[in-house]
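Inspection log for the structure reproduced underneath, given as structure tokens.
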């Protein structure tokens, strides 16, 4: 290592460092702990933290090769693969209200039950994103770029919009499917 960094015989060393040529297993197993113990005089307890840090870098390196559209495709396909009735991938939005109240975590919700909930099913939202992407491509292809105003897509409409009262009533009708699998507490 010292010879590589020194100024002598620099023409003999090539510093060709590409991410694809890294042997990550060797890197994690030997190089990281050895460098940290030898150069930084760290105790072996910190070596594990260093390994975890570099494993996160490894995961980020692998994820950087995934394109944006393959990530979108993964999210779209994931919508069709719910393993159990009552399963929820995330607890954002109105889902946390239902699961939290059924499981006993939320006892009282302060709000106006007559207000509109502005809730749309996830598959409708995904379809709207696909249509918005298609419209953007169509505008670009037809060279409609010179328009000053950006298109705004309002997906919530006033006609058939749920109120919070109706939403909670409909959610209580679906309680024959137990929500035990929706929230796992470890």
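Numbering (UniProt numbering), first residue to last: 1 to 186.
Just so you know, even glycine gets a beta-carbon here, dropped at the ideal spot from N, CA and C.
Check	Outcome
Can you give the beta carbon distance from residue 172 to residue 116, rounded, assuming they're within the 8 Å contact cut?	With a Cβ gap of about 19 Å, residue 172 and residue 116 do not count as contacting.
Can you tell me the Cα-Cα spacing of residue 137 and residue 123, whole angstroms?	21 Å
For residue 166, tell me which candidate among 106, 105, 112 has the shortest Cα-Cα distance.	112
From the DSSP output, which residues share a beta bridge with residue 116?	163
State the Cα-Cα distance for the pair residue 132 and residue 106, rounded to the nearest angstrom.	36 Å
To the nearest angstrom, how far is it from the Cα of residue 109 to the Cα of residue 152?	32 Å
If I'm right that residue 118 touches residue 161 with Cβ under 8 Å, what's the distance once you round it to whole angstroms?	7 Å
Once DSSP output is grouped into helix, strand and coil, what is the label at residue 173?	helix
Residue 97 to residue 143, Cα distance in whole Å?	45 Å
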